[in-house]
Every structure is written in C-alpha cells, then in structure tokens.
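K.L.:
Residue numbers (this note's numbering): 176 to 518.
1. Just grab the DSSP bridge partners of residue 283 for me.
2. Just how far apart, CA to CA, sit residue 351 and residue 218?
3. In whole angstroms, what separates the C-alpha of residue 400 from that of residue 353?
4. Quick check on DSSP: helix, strand or coil for residue 358?
5. Does DSSP classify residue 343 as helix, strand or coil?
6. Among residues of its own chain, excluding the 5 on either side of residue 471, which ones have a beta-carbon nearer than 6 angstroms to its beta-carbon?
7. Assign residue 477 to one of three DSSP states: helix, strand, or coil.
8. Going residue by residue through the region 216-249, where are the continuous alpha helix (DSSP H) segments of at least 4 residues, counting only ones entirely within it?
9. At what residues does the alpha helix (DSSP H) containing residue 368 begin and finish?
10. Starting from residue 430 and walking both ways along the alpha helix (DSSP H), at which residues does that stretch end?
11. Comparing C-alpha positions only, which one of 503, 440 and 375 sits nearest to residue 324?
12. So what's residue 302 in DSSP terms, helix, strand or just coil?
13. Taking the C-alpha atoms as reference points, what is the distance between residue 433 and residue 478?
14. Determine, using beta-carbon pairs with one atom in the region 402-416 and one in the region 385-393, whether at least three such pairs fall under 8 angstroms.
15. Just curious, the beta strand (DSSP E) that residue 499 is in, first and last residue?
16. Excluding the five sequence neighbours on either side, which residues of its own chain have a C-beta within less than 7 angstroms of the C-beta of residue 121, listed in chain order?
17. State the Cα-Cα distance for the pair residue 329 and residue 466, rounded to the nearest angstrom.
18. Work out the CA separation of residue 405 and residue 369 for me, nearest whole Å.
19. What are the residues that DSSP puts in a beta bridge with residue 316?
20. Considering residue 382, what are the terminal residues of the beta strand (DSSP E) in which it resides?
21. Quick check: residue 395 and residue 382, are their CB atoms within less than 8 angstroms of each other?
22. Specify, as a first and last residue, the run of the alpha helix (DSSP H) that residue 184 falls within.
23. Which residue comes first and which comes last in the alpha helix (DSSP H) that contains residue 397?
24. Examine the Cβ distances between the region 307-316 and the region 444-454 and report whether three or more of them are shorter than 8 angstroms.
25. So, does the region 238-248 touch the region 278-288, judging by three or more C-beta pairs under 8 angstroms?
26. Closest to residue 340 by CA distance: which of 331, 357, 321 and 375 is it?
27. If you compare alpha carbons, which of 245, 499, 311 and 289 is closest to residue 205?
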C-alpha cells in the first residue's frame with residue numbers, strides 16, 4: 176500500500192486553507208457607496224472630512240454602514256457605504272448641497288461607487304475580492320481621440336514666434352507668413368537671410384530650411400523634420416494617457432484599463448463605475464497653460480475703459496484683473512517642458 180509522507184499532507188492542507196481564506200472575500204459582495212474627492216487642485220481631502228460627512232448623514236437621517244478615509248493615488252478621499260441604492264442616490268444630492276456652497280463652482284466631487292463588504296481582518300492580510308472586468312461586472316468604456324493635429328499646430332505657431340524673436344534680436348527686417356505646416360520668411364538681401372537662418376537655427380531645433388527667391392525677396396522656408404512631427408504626436412498621446420491616469424485615480428476604480436489604440440486614440444475602461452456622467456466630467460476636463468506678456472502701455476486702472484489694441488486682449492476673470500495681455504503666447508523651450516505632465 177502506497178503512503179505519502181506526513182509533510183506532503185501538511186503542505187496540501189496549508190495550500191487548501193490559504194486558498195479558502197483568499198476565496199472567501201468573493202462571497203461577501205459589494206455595497207453601494209459615495210466617494211467624496213476634491214474638485215480643485217488647491218483643496219485637499221483629509222481624515223477630518225470623515226467627521227463632517229458623518230455629521231451630514233446623521234443630521235439628515237440617512238442610514239449608512241460606515242464612513243472611512245482612503246488614499247486614492249496621491250489624493251485623499253472619503254467613502255460612505257449605504258444599505259441600498261435608494262439611500263445612496265438621496266444622500267448624494269444632500270452631500271453635494273451641504274459640501275459645496277457654490278453649485279456652479281463646486282469644491283468637492285461626490286460620485287457613485289461600489290465598495291467590497293470584505294471584513295477588516297481579511298483586508299489587513301490583503302484578502303480582497305477578485306477584480307472583475309467590464310464583461311463580468313459592467314462599467315464604463317470610453318474611446319477617446321487625441322487631437323494630435325492641434326499639438327502639431329501649436330508647435331508650428333511656437334516655432335514661428337521663436338523665429339520672429341530670433342530675427343528681431345539680430346536687428347534684421349523680415350516678413351513672416353504661414354504656408355501649411357511651413358513658415359515662410361522673406362528678407363531683403365542674401366546676407367540678412369544667412370544671418371537670420373543662423374539665428375533661427377540657434378533658437379529652434381529639428382528644423383529644415385529651403386532657400387529660394389520670390390521676386391526681389393530672399394525667401395527662407397522653415398519646416399519641422401518628419402521625425403519631430405511624429406515625436407510631437409506621440410508625446411501628445413503619452414501626456415494625455417498620463418493625465419487620464421491621474422483623473423481615473425479620483426474615481427477610485429480598481430484596476431482600470433488605459434491603453435493606446437492606433438496612432439491617436441486612447442481606450443479607458445472603468446469596471447464597476449455607476450456614475451457615467453461624473454466619470455465623463457472628470458475624465459473630460461481640459462486645461463491649457465499659456466504664458467503671455469502684459470501690455471504695460473495700458474494701466475490696470477484704465478483697462479476697463481481704454482481702447483484695447485488689436486494684438487492684445489482684456490481679461491476680467493481671475494487674479495490680478497482687469498489686465499491686458501498680448502494675444503501671442505511666449506514660447507517656452509520645448510525640450511525643457513516635453514516631459515511636463517499636467518492635469
């Protein structure tokens with residue numbers, strides 16, 4: 176009769192026991208919950224928010240199981256668990272009203288979520304339920320297209336601005352016009368064109384220049400190398416993926432999927448997300464950073480009544496307003512900022 180050593184039975188028993196322990200969380204299911212996060216970069220959600228949310232729910236007599244604080248990505252969030260979706264929906268409206276004094280400019284974001292019912296002692300040993308994808312759990316699927324043409328266009332505009340500044344710094348006179356993805360610079364003589372070309376190439380990299388004549392004008396046609404255009408498109412997609420990753424963290428989704436599809440598209444899958452509108456709002460936020468010079472020829476106290484020059488623009492909203500700025504943004508060095516990730 177064949178017999179196995181005792182140590183083999185012990186290993187089998189331990190493996191079965193561990194397997195059973197880490198399988199148990201899948202049977203507890205999930206509960207509807209609300210997640211409170213910051214809607215502004217200048218506002219942080221800390222543990223003190225738990226007491227505030229708890230008080231609002233108690234004062235309005237909303238049945239809730241618990242309110243806890245958690246770190247989602249690099250940001251803090253508060254999650255409140257409810258016994259039913261009906262209570263969850265009603266509590267959301269009240270929390271949004273109580274936490275945000277200005278509904279048109281909310282300070283906090285309140286979104287629907289699902290949280291596992293796994294007991295705390297199992298969570299401490301990292302015994303968590305298996306994460307399910309969209310096919311088993313449902314959720315939200317976004318297919319987003321990055322406007323890479325706009326990224327290329329901004330880079331060409333920046334090149335034109337830098338070229339104009341470089342030529343002006345050498346006290347050279349030239350005219351600048353756009354021709355598709357190229358910039359045409361016309362000089363009065365060959366010597367000025369040569370000096371202007373050297374100045375521009377010292378200021379802007381990855382350029383191709385073609386010299387020609389246009390009547391009595393010495394023409395210089397500037398364009399980016401194909402590799403530079405391709406790199407600008409690729410970096411635009413990568414920066415969008417990095418930005419979307421930060422925004423998805425605000426939703427508190429377990430194992431979201433973000434990946435590039437094709438040349439200019441991004442797939443975003445958010446398993447278990449209930450609030451589609453809120454997910455779309457957070458993911459679809461856009462932000463643009465421009466650096467402009469102040470038109471100091473118009474005093475701030477006269478900005479509202481003065482005649483605004485054609486090359487300038489009056490701003491009435493924000494800090495330090497009213498203020499008149501030049502329309503053309505300054506070009507910051509692309510190679511200094513190409514790895515900058517913004518949200």
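Glycine included, C-beta positions come from ideal geometry on N, C-alpha and C.
P.N.:
In short:
1. Numbered from 1 along the chain shown, position 108 holds the residue referred to as residue 283. BP columns for residue 283 point to 213.
2. For this step, residue 351 is matched to residue 176 along the chain shown. For this step, residue 218 is matched to residue 43 along the chain shown. One C-alpha to the other measures close to 45 angstroms.
3. Walking along the chain shown from the start, residue 400 turns up at place 225. Walking along the chain shown from the start, residue 353 turns up at place 178. Their Cα atoms are separated by approximately 17 angstroms.
4. Walking along the chain shown from the start, residue 358 turns up at place 183. In the three-state DSSP reduction, residue 358 falls in the strand class (E or B).
5. Locating residue 343 in the chain shown gives position 168, where the first residue counts as 1. Residue 343 falls in the helix class under three-state DSSP.
6. Locating residue 471 in the chain shown gives position 296, where the first residue counts as 1. Closer than 6 angstroms at Cβ, skipping near neighbours: no residue.
7. Along the chain shown, one-based indexing puts residue 477 at 302. Residue state, collapsed to three classes: helix.
8. Counting only runs of 4 or more, we get 223-234.
9. Position 193 of the chain shown holds residue 368. 365-378 is the span of the alpha helix (DSSP H), which, as asked, contains residue 368.
10. Counted from its first residue, the chain shown places residue 430 at position 255. It is not in any alpha helix (DSSP H) - residue 430 carries neither H nor E in the DSSP assignment.
11. As a first step, residue 324 must be located in the chain shown, where it is residue number 149. If you compare the alpha carbons of 503, 440 and 375 with that of residue 324, the shortest gap goes to 440.
12. Residue 302 sits at position 127 when you count from the first residue of the chain shown. In this structure, residue 302 counts as coil in the three-state DSSP scheme.
13. In the chain shown, the residue the question calls residue 433 occupies position 258. In the chain shown, the residue the question calls residue 478 occupies position 303. Spanning the two alpha carbons is a distance of roughly 46 angstroms.
14. For the pair of segments examined, the region 402-416 was found not to touch the region 385-393: the number of CB pairs separated by less than 8 angstroms stays below three.
15. As a working mapping, residue 499 is identified with position 324 in the chain shown. Element bounds for residue 499: 498-501.
16. Residue coverage of the chain in this structure runs from 176 to 518, which leaves residue 121 outside it and unanswerable.
17. Your numbering for residue 329 matches position 154 in the chain shown. Your numbering for residue 466 matches position 291 in the chain shown. The straight-line gap separating the alpha-carbon atoms of residue 329 and residue 466 is approximately 13 angstroms.
18. In the chain shown, residue 369 corresponds to position 194, counting from 1. In the chain shown, residue 405 corresponds to position 230, counting from 1. Residue 369 and residue 405: Cα-Cα distance of roughly 28 angstroms.
19. In the chain shown, counting from the first residue as 1, residue 316 sits at position 141. In the DSSP output, where bridge partners are listed per residue, residue 316 has 444.
20. Numbered from its first residue, the chain shown carries residue 382 at position 207. DSSP places residue 382 in the uninterrupted beta strand (DSSP E) bounded by 382-389.
21. In the chain shown, the residue the question calls residue 395 occupies position 220. In the chain shown, the residue the question calls residue 382 occupies position 207. In this structure, the beta-carbon distance from residue 395 to residue 382 does not fall below 8 angstroms.
22. Mapped onto the chain shown, residue 184 falls at position 9. Note, residue 184: alpha helix (DSSP H), 181-198.
23. Against the chain shown, residue 397 aligns to sequence position 222. Per DSSP, residue 397 belongs to no alpha helix (DSSP H); it is in the beta strand (DSSP E), 392-399.
24. Contact check between the region 307-316 and the region 444-454: three or more CB pairs, one atom from each, fall below 8 angstroms, which counts as touching.
25. In this structure the region 238-248 does not lie against the region 278-288, because fewer than three pairs of beta carbons, one per stretch, are closer than 8 angstroms.
26. Translated into the one-based positions of the chain shown, residue 340 becomes position 165. 375 is the residue among 331, 357, 321 and 375 whose C-alpha sits nearest the C-alpha of residue 340.
27. Position 30 of the chain shown holds residue 205. The closest CA to that of residue 205, considering only 245, 499, 311 and 289, is found on 289.
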